[in-house]
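Input: a single structure, listed below in structure tokens.
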């Protein structure tokens, strides 16, 4: 593997801090691996834990069968007739066996505390005092060893699940590069399906363990309570379908809310992608109203969902109390008395039985999903792979030889390419031409091996390199993208950059060739992406180059440069075989051979002059494309010309903006730019909670906190009353009265729990709705400069993911966290009542707990960051590989990507394992702390018999329950700390610089303004920000009403800046623009932009009807709409104004829609932005208007004034188009 990728494995792990290592190794010292760690790792900070012999690469041998047994041979055939489930179990049989053994041990320990508790509370049998101490010690030991057994069984289950998930992901990834499956379905296999299998294997041993524990618990329950236990169990069973019904109802509203959310995000995405054009039209209000209307409906569905769930939240939060109430009520009504032993052993047993009940439901869901995913993956692995055409076969001295060859796409019976006969000599330059869907690109794909050969002979000699129609850019540095699989040869590298016109581009990148590009890095224009991909192909030094329309949509100087310096007879590839498709005739006379394709066949082949002389299909093709009369052009280009000036291309759409605001940062580490979504917040937990409470409102927040405290108080009070009741079972008080009081406490707890949830969800959803409106307005009113510098995906992520947290996750997390906060001190108060000395005994335990919590929260925060950060390079690589599968197949670079995938998987798995170990460390630590508390409580209870047996029993049971309460509290602390980062991300947009006032009633012009169309520009200077150099310098122009003016300028001349300034997307540094005697700086932006008309360069067509695209504000009548459609020749293709239109419109039709929008206004001033399409006929639509046409070259046949901008200064005169 190339050394440039070899340092990826542990790059993100070097920042792991001391807290993580302390948590990890202290957990290891409680596990069976303690001896090995002490023996092999004297310095615990030298390395992080790893899967050791479970490395990703080694697992491929166990799921695949290589024909020659060599692990480095990455091709494999899935073993026919074998179940994937069986193979996966065999991979991890050692770990699953150990987990099964520990499952038995854990099951034995699970109910031992019940037996010991019954012995402690049994007052009927006489026993010596030391027996009580023995029982207390046994209870302590049982709880400790039960915790160890639980942690170890989960550890081995996780190890087995990690091995299986790793094997599955590698097998799918390996197969994905050799099949023609769609990338979307492959992503599902690698993410959702592999996670389903992982979850299923993690709980594999509980398939039999949980039912055994449940049955054993029911038997013990019956032993103590008799028939009354079955009523309690029946009530618990009834809660299951009730939960299912509630969840189905909530899911109904959730799905409706999700539909509204998808609709909102879709409109928002369209809005953000075309926000510059929408600002031109002043249509922001229309889109905002539409989005806010959908958001209101979405919030309504979310409220219905949450209110339904909260109304039945007691089924989860109060299930223990409810089942206890029903059970004890049945026991009393059957005529039994409430003695201490029966009540509190049953009380604790009900609490224990919750876990197997809950686990069985989860097991069913995990197994259904897991087995379904295994079936899908097995079907995918059994899919036939693409087979490359014969390489290095007898091509009779040619690079490509096709004899009666026919090819078809996967899943199609009909051949798309038919009876191809072709001989391409080595070193030839071949052009493939033809109409759309004639088979040009399919021919290249067939040579790549991506189509199935159905007939004939197909041979290819030499290594391939491919340049696709859509450039493939990896999420890596510019240098890595170009070098790809090769080591760096400085001389060849520099020559490649120069030939591909990349040197000026690299000079202007923030970190030069070390700048990360791709989806996660700096945005490149299409032309720049093409140049990078062409440079990568050139640097690979292959034998045969397949180029799919590489010169499409390039400006003439750049296309000529790439032709002469790279592709043509004098280029770097002059000795290579080059097969390229093209739609540009000017280069056809310069090739060796031309292939004309039609309907998947080669209709004609020959040189340019031969095909012109035939007057056959080739001439018809040229005539149809409108270029038959184009004179043959001498495309020679002087290599001595200063191409720095010619090809100083732009990064992003507006070069003026980029070059004015770019600041070169420090050298960026390749492939490891961490996005805002995974950045660990620097703000403290207290600040986040305070900010959250301030957002939802302190009054209602205080009210919900008080209710939560009362609910927990009622829960504890019910237990205290139960202990009081059992101490008075001598008949002095009517059992029915005691039962009614107990029912009152439980019902109050349930009622307060529901009210608390309703208040929290009502306040948080209202706050979320207001926050959404605030953010939307903030984005809409942001300056264009700020929006250009903010990635669209970041904004969409906030509106999507962050508001999902704000709407659903944060309220629920806050709700559970609030209940946990009050439950812990309530339980401790009851325990401390047994003896004041317990409070002193608990002080060191509380101190240790606080240290453990601090270590865990710091470690959890770091590991959350690490786990997400290591998954990002993995997902980036997956995106790169699936998008570039054609290039990978062309270069046969499978092993390179497999090994990179292995390294990233190993790194990510190590972080996941470490994350789990730290979580188990927390559980073990809290279990040990609470075991000491149980020991202290039990010992003090032996001394304090005067408190009453019932209260002592309650205190012992509560001390055993506090372990879960503490663990829940710490987990919820970490969860809410993480979830509240979404609020911070949303509020971070408050820093976006805003535009000027949208409306200014004091300076509102007349509705008829502008009435003549006169424009005066006086001493105008403009920059893109304070402290930056001006882009326009003291421009003074006078444009009379009705005058037609062409403003001409190359890249970075300032034409875009002047257009922006006219519409106040940028405010001037000095000077003024006066339109019909009004200084536009004094107007509100709405009045200015809605009064001017613009035909933007980027024609905006959004999803909707013809009427909505022409007149979203519904200001005009139908007759007026039909009039402009007729004027723009669109009426013939549109039959109804309510007809839905979209992206299927041609570029010309989209452009005509932009003109139609202008015609609707009957404007006095029209601005036409046609930077790359110089054409003067648009001015014919506006004969009486003042027209400003911005373009890169002088307009042909233009009957108006021409003004050239050069370096931000205006020069008037006549200019030729040459």
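In my numbering, the protein residues as written are 284 to 1501. For every residue, glycine included, the Cβ atom is placed at its ideal position computed from N, Cα and C.
Residue i vs residue j beta-carbon contact at 9 Å
| i | j | result |
| --- | --- | --- |
| residue 451 | residue 666 | no |
| residue 1002 | residue 624 | no |
| residue 700 | residue 854 | no |
| residue 1465 | residue 1446 | yes |
| residue 864 | residue 724 | yes |
| residue 621 | residue 1018 | yes |
| residue 1330 | residue 1487 | yes |
| residue 1174 | residue 823 | yes |
| residue 1090 | residue 582 | yes |
| residue 1563 | residue 602 | No answer is possible for residue 1563: it lies beyond the span of the chain, which begins at 284 and ends at 1501. |
Alpha-carbon to alpha-carbon, residue j and residue i
| i | j | result |
| --- | --- | --- |
| residue 1218 | residue 1267 | 44 Å |
| residue 1153 | residue 1146 | 10 Å |
| residue 1250 | residue 1125 | 17 Å |
| residue 308 | residue 448 | At residue 308, the pLDDT of 47 sits below 50, so the modelled position is not reliable and the matter cannot be decided from this model. |
| residue 437 | residue 376 | 15 Å |
| residue 432 | residue 388 | 7 Å |
| residue 961 | residue 806 | For residue 961, the predicted structure reports a pLDDT of 40, less than 50, and the residue's modelled location is therefore unreliable. A value from the coordinates is still provided. Cα to Cα, residue 961 sits roughly 20 Å from residue 806. |
| residue 558 | residue 550 | 12 Å |
| residue 1088 | residue 555 | 22 Å |
| residue 1271 | residue 507 | 59 Å |
| residue 424 | residue 1208 | 14 Å |
| residue 770 | residue 688 | 37 Å |
Enclosing beta strand (DSSP E) for residue i [first to last residue]
| i | result |
| --- | --- |
| residue 1353 | 1353 to 1358 |
| residue 1068 | Careful: residue 1068 lies outside any beta strand (DSSP E), inside the alpha helix (DSSP H) at 1067 to 1071. |
| residue 653 | From DSSP, residue 653 is part of no beta strand (DSSP E) but of the alpha helix (DSSP H) over 623 to 664. |
| residue 682 | 681 to 691 |
| residue 737 | 735 to 743 |
| residue 266 | Because the chain here runs from 284 to 1501, residue 266 falls outside it and cannot be looked at. |
Backbone secondary structure at residue i - three-state DSSP
| i | result |
| --- | --- |
| residue 564 | helix |
| residue 750 | strand |
| residue 1468 | coil |
| residue 836 | coil |
| residue 1519 | Residue 1519 lies beyond the range of the chain shown here (284 to 1501); nothing can be said about it. |
| residue 1187 | helix |
| residue 888 | strand |
| residue 701 | strand |
| residue 406 | coil |
| residue 1452 | strand |
| residue 1206 | helix |
| residue 784 | coil |
| residue 958 | Because residue 958 carries a pLDDT of 39, less than 50, the predicted location of this residue cannot be relied on, and the following value inherits that uncertainty. Three-state DSSP puts residue 958 in coil, outside helix and strand. |
Min CB distance residue i to chain C below 9 Å
| i | result |
| --- | --- |
| residue 374 | In the displayed structure, chain C is absent; only one protein chain is listed. |
Any non-hydrogen atom of the ligand ZN within 8 Å of residue i CB
| i | result |
| --- | --- |
| residue 812 | You won't find the ligand ZN in this model; it holds no ligand whatsoever. |
Run of the alpha helix (DSSP H) containing residue i, from where it starts to where it stops
| i | result |
| --- | --- |
| residue 1270 | 1264 to 1270 |
| residue 1147 | 1119 to 1166 |
| residue 482 | 477 to 485 |
| residue 386 | 376 to 393 |
| residue 902 | 900 to 907 |
Subject >> Segment contact, 8 Å Cβ cut-off, at least three pairs: the segment 1351 to 1366 with the segment 1398 to 1406 >> reply: no
Original post:
Can you find at least 3 beta carbon pairs, one from the segment 1337 to 1350 and one from the segment 1287 to 1295, that sit closer than 8 Å?
Top reply: By the criterion of at least three beta-carbon pairs nearer than 8 Å, the segment 1337 to 1350 is not in contact with the segment 1287 to 1295.
Subject >> Contact between the segment 1256 to 1274 and the segment 1088 to 1108 (3+ Cβ pairs under 8 Å) >> reply: yes
**OP:** Count the C-beta pairs between the segment 727 to 737 and the segment 770 to 781 that are closer than 8 Å, then say yes if the count reaches three, no if not.
**Re:** no
Original post:
Okay, do the segment 512 to 526 and the segment 607 to 627 touch, 3+ Cβ pairs below 8 Å being the bar?
Top reply: Between the segment 512 to 526 and the segment 607 to 627, the count of Cβ pairs shorter than 8 Å is three or higher; the stretches touch.
Subject >> Inter-stretch contact at 8 Å, needing at least 3 Cβ pairs: the segment 1184 to 1203 / the segment 1237 to 1248 >> reply: no
Original post:
Are the segment 638 to 655 and the segment 488 to 503 touching, with three or more C-beta to C-beta distances below 8 Å?
Top reply: yes
**OP:** Check whether the segment 966 to 973 touches the segment 1079 to 1086, counting contact only when three or more Cβ pairs, one atom from each stretch, lie closer than 8 Å.
**Re:** Counting C-beta pairs closer than 8 Å gives fewer than three between the segment 966 to 973 and the segment 1079 to 1086, which falls short of the contact rule.
Original post:
Between the segment 817 to 834 and the segment 746 to 765, do three or more beta carbon pairs fall short of 8 Å?
Top reply: yes
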